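Asks: One structure, as C-alpha cells, below. Some questions next.
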Amino acid sequence: MLDATPKKIVDRTALRVNPCKTCQPVGAMYCALGVHQCMPHSHGSQGCCSYHRTVLSRHFKEPAIATTSSFTEGACVFGGGSNLKKAVKNIFETYDPYIIAVHTTCLSETIGDDLKSYIDEIDIPAGKLVIHTNTPSYIGSHITGFGNMMCGFINYLSKKSNTVSDKIGIFPGFVNPGDMRELKRLATSMEAKYIMFPDTSDVMDAPNKGTYQMYPKGGTTVAEIKELGSVRKVLGLGTIVSKPAAEKLKVKCGVDFDLVPYPIGIRATDTYLMKLSHLYKTEIPAAIADERGRVLDGMIDAQQYFAGKKVAVYGDPDIVLGIAAFCLELGMIPYYMITGTPSDAFEKEGAALFEGYDVKPGVIKANADLFYMQQLIKNDPVELLIGNTHGKLIAKAEDIPIVRAGFPVMDRYFGAEQPIVGYRGAMRLAEMILNALLDRKDRDADDTDLELVL
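Position one of the sequence shown corresponds to residue 431 (the numbering used here), numbered consecutively onward.
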C-alpha cells in the first residue's frame, strides 16, 4: 500500500509518482469509438494498443475495439509507413469499417512518421475513409488526445457551407455514455436540434441482445461530422477539453462557439439549459424544473451532513472543476483540487469557483500526481475523496471514505451507464457523497451513539 508516503513535500519537476492521468492515445481511441462504424487504429506497437484498449475496457466493462500497425524492430528503424499501408488494407477487408481513425504513439512520434503522406499514398476503397491525428504520449494527457482526435475528424471531414442550418453542435467532452445520454435528453426536452460529437452512448454501453455487434447503432455519423461545418453554433461542454476542437471548427468553417462548464450540479446545469433556451427560444419544461426542485429539496434536507466537510477532488480537469463547484453548492469545501493534465486555465478557473462563497480554497494544482495529493492530506487531512479508482489506495492508507467518479473507475460496475451531469446526475452524485459520509459516521459510532434515524 501507500503507508510509506512521507509528509515532507519536495519539489519534483521530472518525476511523477502515482499519476493522475493516462496518455493521449487513450483519449484519442475513446473519441474515435464515439463515431459510428469507426475503427480506431494505433500507429505503434501491439503493446501500446493493448494497454490503451485495456484501460478503456476496464472502465466501461465493454470491449474497446482497435487495431494496430504492429511495429517491430524494422519499423522502429525505418518508419511505419509500410505497416500502416498493409494494416489499412487488412482492416477494410477483415472488419469492414466505414472509417479508420489513426492516432500515433510515442514510438511513431519519435520516429517522425508523416501520417498524412502515408494516407495519401494508400489505395482506400471507394466510399471508405481514413483520417489521422498526432497524439504523442509524452505530452499532455488522455484529455489532450481526446481533443486532438476531435480536431482530426474536423480537419478531414467538416465542410464549410454557405448556408447555416438550424442545428447546433454539442461537444460533450470526455464523459461517460450515461452522461452523453442525459445531455441529449435535456437538449431534446428543450426542442434543440443538435449534433453531438463524439457520442459513445449505445457504443460503450451497448445493450446485450445475445449477439455481438462490432459496430453498435450508436456514434456520431460521418455525415453529421461533415455537417458540423454548417451548424449555427457549437456548445462546448468542458471549458478545457472542448476548446481545441471548437477553435479548430471556427478557424476551418467559421462556426462560432460558446464554452460552458460541464453541467454538474445546479448552477452549471442551469447554464446549459439556459444556453439551449436562448438558442431555440423555448421555456424550461415543467418536468425538468421539477427535477431541479427535487435536487434542491434533497440538498436542503441533508445540509447538516454536507456543511463544512473538507474534500479532495481529483481527476480530469473539467470533471474536477464540475464536482468542486457542486461541492460548494452543497456547502462542502473542495480543499484540494488536483489534475494530472497540464492546464493553466484549470488553476485560474478553480480559484474563481470560490468567488461568492465564504470559504478559502486550499491547493488547486494542474500537472500534479496523487503522491503529491496524499502528502497534502498527510499534512492537512480531508474528510472525503472524490475521484477515480486510483485514489482508493490513498483512501485505505489514510482511512478516508471515497466516492468514485470520473475516469477510470475500474473497481465498480454500472457507473459508465449512469450520469453525473444534469439534475438527475446531481441527485445521484449527492446521494453517493452523502452515503459515503453517513457510512463513515455509522462505522465510527459506538453502540450508544449508533443512530437508526439520521
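Ideal placement from N, C-alpha and C gives every residue a C-beta, glycine not left out. Since this is a predicted model, take the numbers as computed values, not measurements.
Assess, as a yes-or-no matter, whether the region 568-587 is touched by the region 654-672 under the definition of 3 or more beta carbon pairs within less than 8 Å.
Replies: Per the Cβ contact rule, the region 654-672 is in contact with the region 568-587 (3 or more Cβ pairs under 8 Å).
Asks: Pair every Cβ in the region 624-643 with every Cβ in the region 733-745, then say whether three or more of these pairs are closer than 8 Å.
Replies: no
Asks: Just to confirm, is the Cβ distance from P455 to G649 under 8 Å?
Replies: No, these two residues do not count as a Cβ contact at 8 Å.
Asks: Within the same chain, show all residues whose beta-carbon is closer than 6 Å to that of F784, passing over the 5 residues directly before and after it, in chain order.
Replies: P791
Asks: Secondary structure at I718, three-state DSSP: helix, strand or coil?
Replies: The answer is helix: DSSP assigns I718 an H, G or I state.
Asks: In this structure, what does DSSP give as the bridge partners for G817?
Replies: The partner list for G817 (beta bridge, DSSP) reads R834.
Asks: To the nearest angstrom, how far is the alpha carbon of G761 from that of K739?
Replies: 8 Å
Asks: Check whether the Cβ atoms of A825 and I816 sit closer than 8 Å, and answer yes or no.
Replies: no
Asks: Under a three-way DSSP split, which group does I670 fall into?
Replies: coil
Asks: Roughly how many angstroms lie between the CA atoms of P607 and K871, to the nearest whole one?
Replies: The straight-line gap from Cα to Cα measures roughly 33 Å.
Asks: Suppose you measure from the CA of V883 to the CA of I730; what does that come to, to the nearest Å?
Replies: 17 Å
Asks: Which partner residues does H471 have in the DSSP bridge list?
Replies: T497, V532, per the DSSP bridge assignment.
Asks: Can you pull the DSSP bridge partners for K663?
Replies: I598
Asks: If I measure Cβ to Cβ from R834 and keep anything under 6 Å in the same chain, skipping five residues before and after, which residues do I get?
Replies: R842
Asks: Whether or not the region 693-700 and the region 618-636 are in contact is what I'm after, with contact meaning three or more pairs of Cβ atoms, one per stretch, closer than 8 Å; do they touch?
Replies: No, they do not touch.
Asks: From D774 to C468, what does the alpha carbon distance come to, in whole angstroms?
Replies: 33 Å
Asks: Cβ of D635 within 8 Å of Cβ of K663?
Replies: Cβ distance not < 8 Å, so D635 and K663 don't count as in contact.
Asks: Below 8 Å between beta carbons: does that hold for V725 and Y853?
Replies: Taking C-beta atoms as the reference points, V725 and Y853 count as a pair closer than 8 Å.
Asks: Nearest to P449 by alpha carbon, out of T819, G723, Y702?
Replies: Distances from the CA of P449 to each of T819, G723, Y702 were compared; the closest alpha carbon is that of T819.
Asks: Any contact of the region 483-491 with the region 584-604, i.e. 3+ C-beta pairs under 8 Å?
Replies: no
Asks: Please state if the CB of H473 and the CB of D553 are separated by a distance shorter than 8 Å.
Replies: no
Asks: Out of I549, T535, L463, F490, point me to the one whose CA is closest to S475's CA.
Replies: Ranked by Cα distance from S475, the first of I549, T535, L463, F490 is T535.
Asks: Please name the residue or residues paired with A742 in a DSSP beta bridge.
Replies: Y766, L815
Asks: Buried or exposed, going by whether 16 or more other CB atoms sit within 10 Å of the CB of G439?
Replies: Note on identity: in this sequence residue 439 is Ile, with Gly being the wrong assignment. Exposed.
Asks: Go ahead and label Q804 buried or exposed: buried means 16 or more other beta carbons lie within 10 angstroms of its beta carbon, across all protein chains shown.
Replies: Looking at its Cβ environment, which holds 16 or more other Cβ atoms inside 10 Å, Q804 is buried.
Asks: Can you tell which of A494, L806, K623, D609 has the C-alpha that lies nearest to the C-alpha of G457?
Replies: Considering only alpha carbons, the answer is A494.
Asks: Kindly list the residues whose CB is nearer than 7 Å to the CB of P555, restricted to its own chain and excluding five residues on each side of it in sequence; keep chain order.
Replies: Excluding sequence neighbours, P555 sits near F522.
Asks: Could you give the uninterrupted runs of the beta strand (DSSP E) lying entirely in the region 551-627, keeping only those of 3 residues or more?
Replies: 559-563, 598-601, 624-626
Asks: Nearest-angstrom Cα distance between G780 and L806?
Replies: 17 Å
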